[in-house]
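**Student:** After the structure tokens below, expect a handful of questions from me.
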Amino acid sequence: MKITPIALALLAASSANAASPAKPTAQTIYLGGDIVTVNDAAPTAQALAIRDGRILALGSEADILTLRDGETRVVNLQGKTLIPGFIDAHGHVFNTGIQALSANLLAPPDGAVNSIAALQQSLRNWVAKPQNKAHGIILGFGYDDSQLKEGRHPTRQELDAVSQDLPVLIIHQSGHLATLNSKALAGFGPESKDPEGGKIRREADGKTPNGVLEETAFFGTLMSMFANLNDRENEAIFKAGMTLYASFGYTTAQEGRASTSAVKTMYQLAQKAKLPLDVAAYPDIQIARDVIAPPYYSSSYMNGFRVAGAKLNLDGSPQGKTAWLTQPYFVPPAGQKADYKGYPSMSDEQAASYIELAQRNGWQLLTHVNGDAAIDQLIKGIEASEKQLGKPDRGFVAIHAQTARKDQVASFQRLGIFPSFFPMHTFYWGDWHSDSVLGKERAQHISPTGWARELGMIFTSHHDSPVALPDAMRVYYATVNRISRTGRLIGPDQRVSALDGLKAQTLWAATQYKEEHDKGSLEVGKLADLVVLSANPLKVKPETLADIRIEETIKEGVSIYQRDGQTAQESTACTDSARCSAVATTAMVAAGLLHHQPH
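Residue numbers for the sequence shown, in mature numbering (1 follows the signal peptide of the UniProt record, and there is no 0): -18 to -1, 1 to 581.
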């Protein structure tokens, strides 16, 4: 006798509670469109039933409709496609709120800033709004020197032209650099020394800061700016980030380098009411170990929040030319010699000590490694830890691993390191990597998903928002196609199938989190975390994947975003054309954010 999905559901229900009705009823049924399960054993279904936030059954329309009663809501997909909810393999949902509340300095297609003049005008437009003018600071996010027609960072003098009275701070799209005007640079002068793991860029005299701060020099400034935000302001930032994520189809989000204050904000908000989506936080292992402990640290979500492990940072960004490489940059940054290879965030000994600390405590450790020298440092540290403590079970995740060599991918497999790659770079910075950062040959193999699949490994793909918008379909498009903004193909041998690209943001991402028993595919008993798409990504031409729209995001059976603006939860989700500005306007008005200066 063939056991159908419905039969399995009925057996599970009856064994769980002998007093239950013989035939459980569905609260919601979806039918009338493609249902892509991401479950190889049963890849598609005609209908799906939900009860109590979990998937009750999948199967034919006729079978599933036998589970309805007078209270069941039947949703006709009208030819649209239902897939598992997207899972954020690496991003910064809290910091994404800061992006949503700042002046949009992104280049096309996500913004309109492609010159320093356009950047200046965007900042002026932002500060001219009444709710922004009184904040005491002009804050912008997302400028990219590689996309500005001048091909360089703005100077402090060019930001002075926006305002000499207010501090101006604009964050580079990489999230690893920023440019400040003279007012904001008040704490820096010719005698200021570069901090460990960071640099203060100088003018031609070699002494006077030119406005650009790299890595730890920038992070310290940003932390001081936000250190005194109150609970209401921090909650507004977090809500804006979650809202933006939901509008792109995410049902699980990550804060991938959380501060102590961010963890406490997220935890406190979850104590008040269940969060609209699940949020897993990974506090910075150097400065926020105090919150990698109960009640924050947990293997299960508490009202949608948990601290899931720790984050370690070993280098910078390749597009910002601060990542640590074994071979020199193709074109070194201004002021650097031809043999410039970037630099580490810490010594080998320090890195190894943090890796051992994480494994000894059983923390899953996400480690930021962009350059292959940083990847070597991670591998050495894990080898040393393994000798003492044995091999952990998915305890180590290599975040970005953009310049991983083929031998390093093999080491990932040997050591059980889970790679979370960043193929979105092929779209946003593929040309920049080829022409300036790495040169054409090395650029072909950034985020080498193809090498991982050759070895039979699974991987995840991410957006690292706010480095880029948390656009799941753009991640998907880049992972499958690897085509740059100008149409250049970056590493054809590293492309993967549309199904693998989908798994990298659903089932394999759940596996990275060790949550595959609950998430990542549409199977009986799993959470009803779903996304409705305008088209089936497995049926369209791969080059059109980024054009597929997120129609609805559903978390545990509850709609948390709809493209037409009608949601089951109070939301300010951005529209397709102006996601960030819509969130920013609402959240700024609600919170009166950023009444603080950086020095």
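By construction, the Cβ of each residue, glycine as well, lies at the ideal position given by its N, Cα and C atoms. Treat the numbers as computed from the prediction; the structure is a model and nothing was measured.
Over the uninterrupted beta strand (DSSP E) stretch that includes Glu534, give me the two end residues.
**Tutor:** Unbroken beta strand (DSSP E) run through Glu534: 532 to 537.
**Student:** I'd like to know whether the C-beta atoms of Asp529 and Thr468 end up nearer to each other than 8 Å.
**Tutor:** In this structure, Thr468 does not lie closer than 8 Å to Asp529 by Cβ.
**Student:** In three-state DSSP terms, what is Lys111?
**Tutor:** In this structure, Lys111 counts as coil in the three-state DSSP scheme.
**Student:** Helix, strand or coil: how does DSSP classify Asp34 here?
**Tutor:** Coil at Asp34, not helix or strand.
**Student:** When you compare each of Pro177, Ser174, Leu195 to Leu183 by their alpha carbons, which one comes out closest?
**Tutor:** Leu is not the amino acid found at residue 183; the sequence shown has Arg there. Here the closest residue by C-alpha is Leu195.
**Student:** Between the stretch 445 to 463 and the stretch 151 to 170, are three or more C-beta pairs nearer than 8 Å?
**Tutor:** Touching, yes, given that three or more Cβ pairs across the two stretches are closer than 8 Å.
**Student:** Can you tell me which of the three DSSP states Asp511 falls into?
**Tutor:** Reduced to three states, the DSSP call for Asp511 is coil.
**Student:** Could you tell me if Glu217 is buried or exposed, where buried requires 16 or more neighbouring beta carbons within 10 angstroms of its beta carbon?
**Tutor:** Buried.
**Student:** Within the 8 Å Cβ cut-off, does Val449 reach chain C?
**Tutor:** Although the question refers to chain C, the structure presented lacks it and comprises just one protein chain.
**Student:** How many angstroms separate the CA atom of Ala355 from the CA atom of Arg470?
**Tutor:** Rounded to the nearest angstrom, the two C-alpha atoms are 27 Å apart.
**Student:** Counting pairs of beta carbons, one from the stretch 96 to 113 and one from the stretch 262 to 277, are three or more of them closer than 8 Å?
**Tutor:** Touching, no, given that fewer than three Cβ pairs across the two stretches are closer than 8 Å.
**Student:** My assumption, with CB atoms under 8 Å, is that Val56 sits in contact with Ile11. Please give the rounded CB distance.
**Tutor:** Indeed they touch by this definition, with Cβ atoms about 5 Å apart.
**Student:** If Ala292 and Ala334 are in contact, beta carbons under 8 Å, what's the gap, nearest whole angstrom?
**Tutor:** Not a contact, Cβ separation roughly 15 Å.
**Student:** Ala8: which of Ser281, Ser42, Ala380, Ile37 sits nearest, CA to CA?
**Tutor:** Considering only alpha carbons, the answer is Ile37.
**Student:** Would DSSP call Gly124 helix, strand or coil?
**Tutor:** Three-state DSSP puts Gly124 in a strand.
**Student:** Can you tell me whether Pro310 is helix, strand or coil according to DSSP?
**Tutor:** If DSSP states are grouped into helix, strand and coil, Pro310 belongs with coil.
**Student:** Put Arg183 into one of helix, strand or coil per three-state DSSP.
**Tutor:** Arg183 falls in the strand class under three-state DSSP.
**Student:** Spell out a yes or no on whether the stretch 270 to 286 and the stretch 295 to 303 are touching, meaning 3 or more CB-CB pairs, one atom from each, closer than 8 Å.
**Tutor:** Contact between the stretch 270 to 286 and the stretch 295 to 303 is absent, because fewer than three Cβ pairs lie under 8 Å.
**Student:** Along the chain, where does the alpha helix (DSSP H) containing Ser393 start, and where does it finish?
**Tutor:** It spans 388 to 397 - the alpha helix (DSSP H) in which Ser393 sits, taken as one unbroken run.
**Student:** Can you find the residues in the same chain that come closer than 7 Å, C-beta to C-beta, to Ala491, ignoring five residues on each side of it along the sequence?
**Tutor:** These residues qualify, in order along the chain: Ile69, Ala71, Thr442, Gly502.
**Student:** Can you check which of these residues, Leu83, Asn163, Tyr458, Lys221, is closest to Ala143 by C-alpha distance?
**Tutor:** Checking every option, the nearest Cα to that of Ala143 belongs to Asn163.
**Student:** Assess, as a yes-or-no matter, whether the stretch 342 to 360 is touched by the stretch 371 to 388 under the definition of 3 or more beta carbon pairs within less than 8 Å.
**Tutor:** A contact exists between the stretch 371 to 388 and the stretch 342 to 360.
**Student:** So, using beta-carbon positions, are Thr408 and Ser466 closer together than 8 Å?
**Tutor:** Yes, the Cβ-Cβ distance between Thr408 and Ser466 is below 8 Å.
**Student:** Pick helix, strand or coil for Ser466, following the three-state DSSP scheme.
**Tutor:** Of the three classes helix, strand and coil, the one that applies to Ser466 here is coil, per DSSP.
**Student:** Can Leu296 and Leu251 be called in contact, C-beta distance under 8 Å?
**Tutor:** No, the pair does not count as a contact, with Cβ atoms beyond the cut-off.
**Student:** Residue 587 to Val18, Cα distance in whole Å?
**Tutor:** Residue 587 lies beyond the stretch modelled for the chain, which goes from -18 to 581, so this question has no answer here.
**Student:** Under three-state DSSP, which class holds Met455?
**Tutor:** It is helical.
**Student:** Starting from Asp330, trace the beta strand (DSSP E) in both directions and tell me its first and last residue.
**Tutor:** Element bounds for Asp330: not the beta strand (DSSP E) but the alpha helix (DSSP H), 330 to 343.
**Student:** When burial is assigned at 16 or more other CB atoms within 10 Å of the CB, is Ala460 buried or exposed?
**Tutor:** Flag for Ala460 reads buried.
**Student:** What's the C-alpha gap between Met248 and Asn212?
**Tutor:** Computed Cα separation, rounded: 13 Å.
**Student:** Just the Cα atoms here: how many angstroms apart are Asp321 and Trp433?
**Tutor:** Taking the straight line from one Cα to the other gives about 28 Å.
**Student:** Tell me where the alpha helix (DSSP H) around Tyr264 begins and ends.
**Tutor:** Looking at the DSSP string, Tyr264 is not in any alpha helix (DSSP H); the run it does join, the beta strand (DSSP E), is 260 to 265.
**Student:** For Leu269, is the classification buried or exposed, using 16 other Cβ atoms within 10 angstroms of its Cβ as the cut-off for buried?
**Tutor:** Looking at the sequence shown, residue 269 is not Leu but Ile. Answer is exposed; the Cβ neighbour count stays below 16.
**Student:** What did DSSP end up calling His74 once you bin it into helix, strand or coil?
**Tutor:** Note: His74 maps to strand in three-state DSSP.
**Student:** Beta strand (DSSP E) containing Ser402: first to last residue?
**Tutor:** Element bounds for Ser402: 400 to 403.
**Student:** Between Arg406 and Arg456, what straight-line distance do the alpha-carbon atoms span, to the nearest angstrom?
**Tutor:** It should be pointed out that residue 406 corresponds to Met in this sequence rather than to Arg. One C-alpha to the other measures close to 7 Å.
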